[in-house]
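S.K.:
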Amino acid sequence: MEKFIINGGKKLNGKIKVHGAKNALLPIMTATLLSPGEYKLNNVPDLRDTRTMSELLREIGASVIFENNTLYIDTANVSNPVAPYELVKTMRASFYVLGPLLGRFGKAEVSLPGGCAWGPRPVDIHLDALKKMNVNITLSGGNIIATGQPVGSEINFRFPSVGATGNILMASVISKGQTILKNVALEPDITSLGEFLIQMGADIKGLGSNEIIINGQNKLLPVKEFDIIPDRIEAGTFLIAGAMCGQELEVSNVNPDHLNDVLSKLESSGVELICENNSIIVKGNKNILPTNIVTGPYPAFPTDLQAQWVAYMSIANGTSIVEEGIYFDRFTHIPELNRLGANIFLDKNIAKIEGVDFLRGAPVMSTDIRASASLILAALYSRGETEISRIYHIDRGYEKIETRLKHIGADIKRV
Ligand code: EPU
Numbered sequence: 005m006e007k008f009i010i011n012g013g014k015k016l017n018g019k020i021k022v023h024g025a026k027n028a029l030l031p032i033m034t035a036t037l038l039s040p041g042e043y044k045l046n047n048v049p050d051l052r053d054t055r056t057m058s059e060l061l062r063e064i065g066a067s068v069i070f071e072n073n074t075l076y077i078d079t080a081n082v083s084n085p086v087a088p089y090e091l092v093k094t095m096r097a098s099f100y101v102l103g104p105l106l107g108r109f110g111k112a113e114v115s116l117p118g119g120c121a122w123g124p125r126p127v128d129i130h131l132d133a134l135k136k137m138n139v140n141i142t143l144s145g146g147n148i149i150a151t152g153q154p155v156g157s158e159i160n161f162r163f164p165s166v167g168a169t170g171n172i173l174m175a176s177v178i179s180k181g182q183t184i185l186k187n188v189a190l191e192p193d194i195t196s197l198g199e200f201l202i203q204m205g206a207d208i209k210g211l212g213s214n215e216i217i218i219n220g221q222n223k224l225l226p227v228k229e230f231d232i233i234p235d236r237i238e239a240g241t242f243l244i245a246g247a248m249c250g251q252e253l254e255v256s257n258v259n260p261d262h263l264n265d266v267l268s269k270l271e272s273s274g275v276e277l278i279c280e281n282n283s284i285i286v287k288g289n290k291n292i293l294p295t296n297i298v299t300g301p302y303p304a305f306p307t308d309l310q311a312q313w314v315a316y317m318s319i320a321n322g323t324s325i326v327e328e329g330i331y332f333d334r335f336t337h338i339p340e341l342n343r344l345g346a347n348i349f350l351d352k353n354i355a356k357i358e359g360v361d362f363l364r365g366a367p368v369m370s371t372d373i374r375a376s377a378s379l380i381l382a383a384l385y386s387r388g389e390t391e392i393s394r395i396y397h398i399d400r401g402y403e404k405i406e407t408r409l410k411h412i413g414a415d416i417k418r419v
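Take 5 as the starting number for the sequence shown in our numbering and just add one per residue.
#1: Helix, strand or coil for Met369? Go by DSSP, reduced to three states.
#2: Which term fits Ile20, buried or exposed, when burial requires 16 or more other beta carbons within 10 angstroms of its beta carbon?
#3: Within its chain, find whatever has a CB closer than 6 angstroms to the CB of Pro306; leave out the 5 residues flanking it on each side and keep chain order.
#4: Which value, in whole angstroms, describes the spacing of the CA atoms of Ile9 and Glu340?
#5: Within 10 angstroms of the Cβ of Met248, are there 16 or more other Cβ atoms? Answer buried if so, exposed if not.
#6: Determine whether the beta carbon atoms of Met344 and Ala366 lie at a separation below 7 angstroms.
#7: Does DSSP put Val448 in a helix, a strand or coil?
#8: Starting from Tyr316 and walking both ways along the alpha helix (DSSP H), at which residues does that stretch end?
#9: Just checking, does the region 274 to 288 make contact with the region 351 to 361 on the three C-beta pairs under 8 angstroms criterion?
#10: For Gly146, does the count of other Cβ atoms within 10 angstroms reach 16, so buried, or fall short, so exposed?
#11: So, with DSSP's three-state summary, where would you put Ala25?
#12: Contact defined as beta carbons within less than 8 angstroms: I believe Tyr100 pairs with Gly210. What is the distance between those atoms, to the nearest angstrom?
#13: Quick check on the burial criterion: 16 or more other C-beta atoms within 10 angstroms. Buried or exposed for Ile172?
#14: Answer yes or no: the CB of Arg236 versus the heavy atoms of the ligand PLP, is any distance below 6 angstroms?
#15: Label Ser144 either buried or exposed according to how many other C-beta atoms from any shown protein chain fall within 10 Å of its C-beta, with 16 as the threshold for buried.
#16: Could you tell me which whole beta strand (DSSP E) segments of length 3 or greater appear in the region 332 to 401?
#17: I'd like to check one pair, Ala87 with Leu30: are the Cβ atoms closer than 7 angstroms?
#18: Can you tell me the Cα-Cα spacing of Ser67 and Leu75, whole angstroms?
#19: Please list, in chain order, all residues of the same chain as Ser196 whose beta carbon is under 6 angstroms from its beta carbon, the five residues on each side excluded.
#20: Tell me the DSSP bridge mates of Arg418?
#21: Could you have a look at Lys228 and say whether DSSP puts it in helix, strand or coil?
#22: For Ile141, I'd like the list of residues in its chain whose CB is within less than 8 angstroms of its CB, leaving aside the five on either flank, ordered along the chain.
#23: Suppose the cutoff is 7 angstroms on Cβ atoms and the five residues either side in sequence are ignored; what does the same chain contact list for Phe200 look like?
#24: Taking Gly41 as the reference, which of Ala355, Met57, Val258 and Gly65 has the closest Cα?
#25: Could you check the C-alpha separation between Val258 and Ala239 for me, to the nearest Å?
#26: Smallest Cα separation from His262: which of Asp415, Pro192 and Ala377?
#27: Please tell me whether Gln251 and Lys15 are closer than 7 angstroms, where the distance is taken between their beta carbons.
#28: With H, G and I counted as helix, E and B as strand and the rest as coil, what does DSSP make of Pro234?
#29: Answer yes or no: do Ser318 and Leu293 have a C-beta to C-beta separation smaller than 7 angstroms?
#30: I need the boundaries of the alpha helix (DSSP H) containing Thr299, first residue and last residue.
#31: What are the boundary residues of the beta strand (DSSP E) that Ala112 is part of?
#32: Take the Cβ of Gly322 as the centre, count every other Cβ of all protein chains shown within 10 Å, and call the residue buried at 16 or more, exposed below.
#33: Please tell me whether, using a cut-off of 6 angstroms, the distance from the CB of Ser370 to the nearest non-hydrogen atom of the ligand EPU is below it.
#34: What is the DSSP secondary structure of Gly18, counted as helix, strand or coil?
#35: Going residue by residue through the region 135 to 186, where are the continuous alpha helix (DSSP H) segments of at least 4 residues, counting only ones entirely within it?
#36: Under the criterion of a Cβ to heavy atom distance below 6 angstroms, does Asn140 qualify as lining the ligand EPU?
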């Protein structure tokens, strides 16, 4: 099994480019199922999740070619609206095929996702909304069997779930009548999915607000070419790396509007940031001020940067509090960070972090994408050598991270 060996303490300098957003890409890939034809997606990150979703689309009958960060998808021969357990269990975002398959075929069979590394992740919000849209849902052999063309309805999500908003948006663009979605997710990934659907001919109003109105169409058309937005989570990870270990690091291909809360927390922690067009320059922070965060639905601080923030605060000058408001158990990085010498105490979903003067390299284990990113940040800062095992997690969300970090001065190798 592959590992990273990191010799910490090197200064990060130069320019690092942010790639396309995984969480915008995955639902857009499934949206191509809505209308038969050819699609071209640009700025696609080369991730394990991109390959898993490509495999799933092929399983359903699409042709998918991925080269030079460009995806060519042809959904003309899609005929098998089934997402098997083998693929769904490795990537929960596979559940995104449910909405588009229902829209196009009026039926779908998708394996019910189980829990994940940090606890249960139910899909009741997706299923309740589909039931309201007159779709018949049954469970057989661990699979959700959904039948019936979705019918327009008014749906008030009990929580602004990213996945449910995306799935129901895709289920409603080809449907009978009008759908009104209330309390929707506002994440830029969802807005970008909505823009893609509009380019397919969908009638969607209110994107970016918490109420979206969709007038169902009979059919949609393929989008010839679409650019995936920059990954705000990757950008945030690199900005935190710059604050912890940077001399002067330029993080390019960023949309600063997608990072408002993160940038303001970085500034509160004493970092100097210079925003220029689509780049942000970050200078190493020599006096890290303890800065509390509470994660929540966008535009609040993202849960996908919580682990990285905990790594950052572990070397702050004082005590900080990090509260996880989305996934109450998403803290598997804490015992691993403590192995590097951090002083972090967990009480339910609240981490109390007492900043230490230095971290020291040790063998640690990564448990999910963002926990891995947090361990890499801590290892880059630590004195001596850190060995991070189970790094297949990081390849799900960050393209060739070691090559890109090496380019800005990190001493990191994959063995
Ligand atoms: N929830 C329910 N029922 C549902 C759906 C969600 O109770 O039917 C709960 C979840 O258990 C969780 C909260 O609602 O407590 C938020 O879940 P959400 O549905 O918003 O998350 P998701 O769509 O499953 C996406 C990202 C995650 C990111 C979350 C929150 C993708 C492919 N995944 O997941 O990304 O953490 O939104 O922003 O977009 C990652 O990239 O590392 C990652 C985990």
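In this text, a Cβ means the ideal position worked out from N, Cα and C, and glycines have one as well. In this text, all values refer to a predicted model and were calculated from it rather than measured experimentally.
M.R.: Looking at the coordinates:
#1: Position 365 of the sequence shown holds residue 369. Per DSSP, reduced to three states, the secondary structure at Met369 is strand.
#2: Position 16 of the sequence shown, counted from the start, is the residue given in the question as residue 20. Its Cβ being crowded by 16 or more others within 10 Å, Ile20 is buried.
#3: Here residue 306 is taken as the residue at index 302 of the sequence shown, counted from 1. Answer for Pro306: no residue qualifies.
#4: Translated into positions along the sequence shown, residue 9 becomes position 5. Translated into positions along the sequence shown, residue 340 becomes position 336. So the alpha carbons of these two residues sit roughly 15 angstroms apart.
#5: Counting from one through the sequence shown, the residue named residue 248 turns up at place 244. Met248 is buried by the Cβ-count criterion.
#6: Within the sequence shown, numbered from 1, the residue matching residue 344 stands at position 340. Within the sequence shown, numbered from 1, the residue matching residue 366 stands at position 362. Here residue 344 turns out to be Leu, not Met, going by the sequence shown. Yes, the pair counts as a contact, with Cβ atoms nearer than the cut-off.
#7: The displayed coordinates of the chain run from 5 to 419. Any statement about residue 448 would go beyond what the structure contains.
#8: Here residue 316 refers to the residue found at position 312 of the sequence shown. Unbroken alpha helix (DSSP H) run through Tyr316: Gln310 to Met317.
#9: With a cut-off of 8 angstroms, the region 351 to 361 and the region 274 to 288 do not count as touching, because too few Cβ pairs lie within range.
#10: The residue you call residue 146 lines up with position 142 of the sequence shown. By the Cβ-count criterion, Gly146 is exposed, with fewer than 16 other Cβ atoms from all chains shown falling within 10 Å of its own Cβ.
#11: Taking the first residue of the sequence shown as position 1, residue 25 is located at position 21. The answer is coil: DSSP assigns Ala25 none of H, G, I, E or B.
#12: For the purposes of this step, residue 100 is taken as the residue at position 96 of the sequence shown. For the purposes of this step, residue 210 is taken as the residue at position 206 of the sequence shown. That pair is no contact at about 21 angstroms.
#13: Counting from one through the sequence shown, the residue named residue 172 turns up at place 168. Counting Cβ neighbours within 10 Å, Ile172 comes out buried, since at least 16 surround it.
#14: This structure does not include the ligand PLP; its bound ligands are the ligand EPU.
#15: Position 140 of the sequence shown, counted from the start, is the residue given in the question as residue 144. By the neighbour-count rule (16 or more Cβ atoms within 10 Å), Ser144 is not buried but exposed.
#16: The region 332 to 401 contains these whole beta strand (DSSP E) runs: 347 to 351, 354 to 358, 367 to 369 and 389 to 393.
#17: Against the sequence shown, residue 30 aligns to sequence position 26. Against the sequence shown, residue 87 aligns to sequence position 83. Cβ distance not < 7 angstroms, so Leu30 and Ala87 don't count as in contact.
#18: As a position in the sequence shown, residue 67 is number 63, starting the count at 1. As a position in the sequence shown, residue 75 is number 71, starting the count at 1. Approximately 10 angstroms, taken between the alpha carbons.
#19: In the sequence shown, counting from the first residue as 1, residue 196 sits at position 192. Ala28 and Ile233, listed in sequence order.
#20: Position 414 of the sequence shown, counted from the start, is the residue given in the question as residue 418. Arg418 is bridged by DSSP to Phe8.
#21: For the purposes of this step, residue 228 is taken as residue 224 along the sequence shown, with counting starting at 1. Looking at Lys228 - three-state DSSP - the assignment turns out to be coil, as it is neither helix nor strand.
#22: Position 137 of the sequence shown, counting from 1, holds the residue named residue 141. Hits under 8 angstroms: Leu131, Leu134, Lys135, Ile148, Ile149 and Ala150.
#23: As a working note, residue 200 is residue 196 in the sequence shown. Close CB contacts of Phe200 within its chain, under the 7 angstroms cut and outside five residues either way in sequence, are with Ile32, Ala35, Val227 and Phe230 (chain order).
#24: Position 37 of the sequence shown, counted from the first residue, corresponds to residue 41. Of Ala355, Met57, Val258 and Gly65, the residue nearest in Cα terms is Gly65.
#25: Within the sequence shown, residue 258 is the residue found at index 254, counting from 1. Within the sequence shown, residue 239 is the residue found at index 235, counting from 1. When only Cα atoms are considered, Val258 and Ala239 end up about 6 angstroms apart.
#26: For this step, residue 262 is matched to residue 258 along the sequence shown. With distances taken between CA atoms, His262 lies nearest to Pro192 out of Asp415, Pro192 and Ala377.
#27: Translated into positions along the sequence shown, residue 251 becomes position 247. Translated into positions along the sequence shown, residue 15 becomes position 11. It is a contact, given that the beta carbons lie within the stated cut-off.
#28: Along the sequence shown, read from residue 1 onward, the residue named residue 234 stands at position 230. It is a strand residue.
#29: Within the sequence shown, the letter at position 314 stands for residue 318. Within the sequence shown, the letter at position 289 stands for residue 293. One thing to note: Ser318 has its Cβ no nearer than 7 angstroms to the Cβ of Leu293.
#30: As a position in the sequence shown, residue 299 is number 295, starting the count at 1. Per DSSP, Thr299 is not a residue of any alpha helix (DSSP H), being assigned neither H nor E.
#31: For this step, residue 112 is matched to residue 108 along the sequence shown. That run of the beta strand (DSSP E) goes Lys111 to Ser115.
#32: By 1-based counting over the sequence shown, the position of residue 322 is 318. Exposed is the label assigned to Gly322, since fewer than 16 other Cβ atoms lie within 10 Å of its Cβ.
#33: One-based indexing of the sequence shown puts residue 370 at position 366. False, no ligand heavy atom lies under 6 angstroms from that Cβ.
#34: Reading the sequence shown from its first residue, position 14 is the one you call residue 18. Of the three classes helix, strand and coil, the one that applies to Gly18 here is strand, per DSSP.
#35: Counting whole runs of 4 or more residues, the region 135 to 186 contains the alpha helix (DSSP H) stretches 166 to 177.
#36: What you label residue 140 is simply residue 136 of the sequence shown in a count that begins at 1. No, the beta carbon of Asn140 sits no closer than 6 angstroms to any heavy atom of the ligand EPU.
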